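*Asks:* One structure coming up, written as structure tokens, with questions to follow.
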Amino acid sequence: LEGSFPRHLQKQLSNLTRAIRVKPTPVHKHEGSLSYYQRLVDAIARRRAVRIGYDSLTEWKVISTKLRPFQLLFHRRAWYVIGRSSLHRQNRTFHVGRITKLEELEETYRIPRGFSIERYLKNAWSLVPEPGPDYNVTVRFQPLVARNVAEVAWHRTQELLWNDDGTLDFSVTVTGLGEISWWILGYGANAEVLKPPQLRERVAEHAQRMLDLYRK
5 LEGSFPRHLQ KQLSNLTRAI RVKPTPVHKH EGSLSYYQRL VDAIARRRAV RIGYDSLTEW
65 KVISTKLRPF QLLFHRRAWY VIGRSSLHRQ NRTFHVGRIT KLEELEETYR IPRGFSIERY
125 LKNAWSLVPE PGPDYNVTVR FQPLVARNVA EVAWHRTQEL LWNDDGTLDF SVTVTGLGEI
185 SWWILGYGAN AEVLKPPQLR ERVAEHAQRM LDLYRK
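Laid out in structure tokens, this is it:
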């Protein structure tokens, strides 16, 4: 196609091609998972339940569950499948890259009328809506990272309040504290949890364990 353009346009395009690059973020290794992804696409299209083996990080073992897959979702680095798990007796999120085997079953199903990805995730910080109430979280970021934080739409509920000293009070309402605690820890001493006290204590405990590790 480029060869059909006038020479001066070809030169312009060539210069632009060399001048523009996209650096992708790290992604999950897809070894073996692409075939599972395609089989999940087929299962969703045909409304067929599947039985999966899954290397669970929370249960520290490979589990087996019958899954009625409702939706595939690409988030940040990897593909996830959301559906009804017979083992957990509730809707769950599974990392496609951690599936160890997959068997399509004869059983058919219907996606519940009221299901939507937004309703399922509620106010989860990322992908895992934890049981229990929502929490109003406020984190104070130091000037070194405040602008960087403010430039990103991290969560649909976020509110920003700039202080006179250049710090930023970042407030969100989240379902569960686990996921957001790891995000906060990534900013180290440049982030301080103001509320709720449960999250402040959790982050402090992680920081103390890190300090103990480096003082050995």
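In the numbering used here, the protein residues as written are 5 to 220. Cβ atoms here follow ideal geometry from the backbone N, Cα and C, with glycine treated the same way. Quantities reported herein were computed from a predicted structural model and do not represent experimental measurements.
Quick one: complete alpha helix (DSSP H) runs, 4+ long, within the segment 97 to 153?
*Replies:* Fully enclosed alpha helix (DSSP H) runs of 4 or longer: 121 to 125.
*Asks:* If you reduce the DSSP assignment to three classes, tell me which class Y58 lands in.
*Replies:* Looking at Y58 - three-state DSSP - the assignment turns out to be strand.
*Asks:* Pull up the distance between the alpha-carbon of S175 and that of Q162, whole angstroms please.
*Replies:* Approximately 5 Å between the Cα atoms of the pair.
*Asks:* Quick one: using the 10 Å Cβ neighbour count with 16 as the cut-off for buried, is T112 buried or exposed?
*Replies:* T112 is exposed by the Cβ-count criterion.
*Asks:* Would you list, in sequence order, the uninterrupted beta strand (DSSP E) runs of no fewer than 3 residues that lie entirely inside the segment 171 to 213?
*Replies:* DSSP runs (the beta strand (DSSP E)) wholly in the segment 171 to 213: 172 to 179 and 195 to 199.
*Asks:* Pairs of beta-carbons, one from the segment 96 to 106 and one from the segment 41 to 51, closer than 8 Å: are there three or more?
*Replies:* These segments touch.
*Asks:* Pull up the distance between the alpha-carbon of D138 and that of F119, whole angstroms please.
*Replies:* The straight-line gap from Cα to Cα measures roughly 20 Å.
*Asks:* Compute the distance between the beta-carbons of A154 and L172, then report whether it is under 8 Å.
*Replies:* Cβ atoms of A154 and L172: closer than 8 Å.
*Asks:* In whole angstroms, give me the CA-to-CA distance for R52 and V85.
*Replies:* Looking at the two C-alpha atoms, the distance is approximately 14 Å.
*Asks:* Out of A49, K199, H92 and E122, which one is the CA nearest neighbour of T62?
*Replies:* Of the candidates A49, K199, H92 and E122, the one whose C-alpha sits nearest the C-alpha of T62 is H92.
*Asks:* Ignoring anything shorter than 4 residues or poking outside the segment 36 to 92, list the alpha helix (DSSP H) runs there in chain order.
*Replies:* Here the runs fully enclosed are 37 to 50.
*Asks:* Among all the DSSP beta bridges, which residues are the ones paired with E163?
*Replies:* For E163, which the question treats as bridged, DSSP gives the partners S175.
*Asks:* Compare the Cα-Cα distances from T69 to each of R160, R96 and G182 and report the closest residue.
*Replies:* For the residues R160, R96 and G182, the minimum Cα distance to T69 belongs to R96.
*Asks:* Under 8 Å between the Cβ atoms of S89 and L71?
*Replies:* Cβ atoms of S89 and L71: closer than 8 Å.
*Asks:* Taking a contact to mean a Cβ-Cβ separation below 8 Å, would you say G180 touches V132 in this structure?
*Replies:* Yes, the pair counts as a contact, with Cβ atoms nearer than the cut-off.
*Asks:* When you compare the CB positions of V66 and A82, do they come within less than 8 Å of one another, or not?
*Replies:* Not in contact: V66 and A82 (Cβ atoms no closer than 8 Å).
*Asks:* Based on Cα-Cα distance, which residue from V143, A157, I188 and P147 lies nearest to D169?
*Replies:* Among V143, A157, I188 and P147, the Cα nearest to that of D169 belongs to P147.
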